[in-house]
Amino acid sequence: MKTRSKFFFLWYILLMFFIIFTIFPIYWMLITAFKSFQEIYQVIPKLWPSKLVWQNFLEIFQKYEYGPALWNSFLISIVVSCITIFISIFSAYAVVRLRFKGKRVMPKLFLLSYLIPQTILFIPVYILLSEMNLTNTIWGLLLIYPTMTIPYATWILITYFQNLPVELEEAAFVDGASRLQTILFIVIPPSLPSIVSTYIFSFTICWSEYIYALVVISKKTERTITLALSNMLVADIIPWGPLMAGAVIAALPIMFVYGIASKYIVSGLTLGSVKG
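Here the numbering used here is used: position 15 in the sequence shown is 17, and no number is missing along the way.
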């Protein structure tokens, strides 16, 4: 009994250490965003600022033009996520319910295309967008980003649709419903947890993407938040205050979305993985 108690005590200590190790960088980012210039560069750092300063947040919008980048990231992430869900629902349904050659390998192909690293593709992507005159514009990112999100979203929805009862769809067909009506009113409602989780996944990928944006965009007015943050670093000069303020602002939408829709994310991914 004592041995078991010691084991749980050690496990508890290890868990607490892991939690602190995980949360502390977020905490340090947050308090640095509210520190003054003098406190940030103190030899002995403080775990809490003596006075909360909002200057870093004002500076990032006034000096570093963070507002347009924030708007561009919101626009790209929302539009691409909507496109991803629209295409993925019909693609996944086609793979699961329709009959065609190569149907069995389609889920593996979707997953394989998602696993191809961006470092291999960014040069061909840049050449393609240059030929189409879509560099230095968010239209280029709107064209490229779905190639990252659609494969994985389709793969997740395939694993879920495979376990939906076919009898409900057959009954709808007997009652005179079309294929589109069956998808909209029979397939989608019970699949909402998986659809919401894939939407949030797509939004997160677009929100935090850096490589394609770096290759495609160079104009200040077309930058995303990841580019705006990286362009704050000039040589060895690092404006830690505004940089951490920008990081806090960039993290807030993702934290908010995950906080609101956490139950859909967990249930959607669990259903998709377990049932598949």
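Ideal Cβ positions, reconstructed from N, Cα and C, are used throughout, including at glycine.
As the structure is a computational prediction, the values presented were derived from the model and not from experiment.
Is residue j closer than 8 Å to residue i when the C-beta atoms are compared?
i: isoleucine 91; j: isoleucine 188; result: no
i: glutamine 248; j: isoleucine 78; result: Sequence inspection shows glycine at residue 248; the glutamine mentioned does not correspond to that position. Taking 8 Å as the Cβ cut-off, glycine 248 and isoleucine 78 do not qualify as a contacting pair.
i: leucine 145; j: leucine 136; result: yes
i: isoleucine 42; j: glycine 243; result: yes
i: isoleucine 160; j: valine 97; result: yes
i: isoleucine 87; j: threonine 200; result: yes
i: glutamine 120; j: tyrosine 214; result: yes
i: threonine 226; j: serine 75; result: yes
In terms of alpha-carbon separation, which member of the options lies closest to residue i?
i: phenylalanine 27; options: Gln57, Met246 and Ser83; result: For clarity, residue 27 is proline in the given sequence; the question names phenylalanine instead. Proline 27 has its Cα closest to that of Met246, out of Gln57, Met246 and Ser83.
i: isoleucine 185; options: Trp13, Leu166 and Thr161; result: Leu166
i: lysine 65; options: Ala252, Pro241, Ile256 and Phe258; result: Pro241
i: lysine 222; options: Val127, Asn138, Leu113 and Pro192; result: Asn138
i: tyrosine 154; options: Ser180, Ser93, Ile25 and Gly142; result: Ser93
i: phenylalanine 59; options: Thr228, Ile89 and Phe36; result: Phe36
i: tyrosine 68; options: Ala230, Ala174 and Val236; result: Ala230
i: glutamate 224; options: Leu254, Leu114, Val82 and Ile140; result: Ile140
i: tryptophan 73; options: Cys208, Pro126 and Ala173; result: Cys208
i: isoleucine 256; options: Ser180, Asn233, Phe163 and Phe203; result: Phe203
Rounded to the nearest angstrom, what separates residue i and residue j at their Cα positions?
i: tryptophan 157; j: cysteine 84; result: 16 Å
i: valine 276; j: leucine 17; result: Caution applies to valine 276, whose pLDDT of 45 falls short of 50 and renders its modelled position unreliable; the model cannot decide the point.
i: isoleucine 219; j: aspartate 177; result: 52 Å
i: isoleucine 32; j: glutamate 171; result: The sequence as given places leucine at residue 32; isoleucine does not occur at that position. Spanning the two alpha carbons is a distance of roughly 50 Å.
Under DSSP, the alpha helix (DSSP H) around residue i begins and ends at which residues?
i: asparagine 138; result: Careful: asparagine 138 lies outside any alpha helix (DSSP H) and carries neither H nor E.
i: proline 2; result: Look at the range of the chain in this structure, 3 to 278, and you will see that residue 2 is not part of it.
i: glutamate 61; result: 57-64
i: glycine 69; result: 68-99
i: valine 198; result: 194-210
i: tyrosine 116; result: 108-117
i: glutamine 183; result: 181-184
i: phenylalanine 39; result: 39-42
Going by the C-beta, is residue i closer than 7 Å to any heavy atom of the ligand SAM?
i: asparagine 135; result: Within the structure as shown, the ligand SAM is missing, as the structure has no ligands at all.
For the stretch 219-263, which segments carrying the alpha helix (DSSP H) assignment without a break, of at least 4 residues, lie completely within its bounds, in sequence order?
227-232 and 242-262
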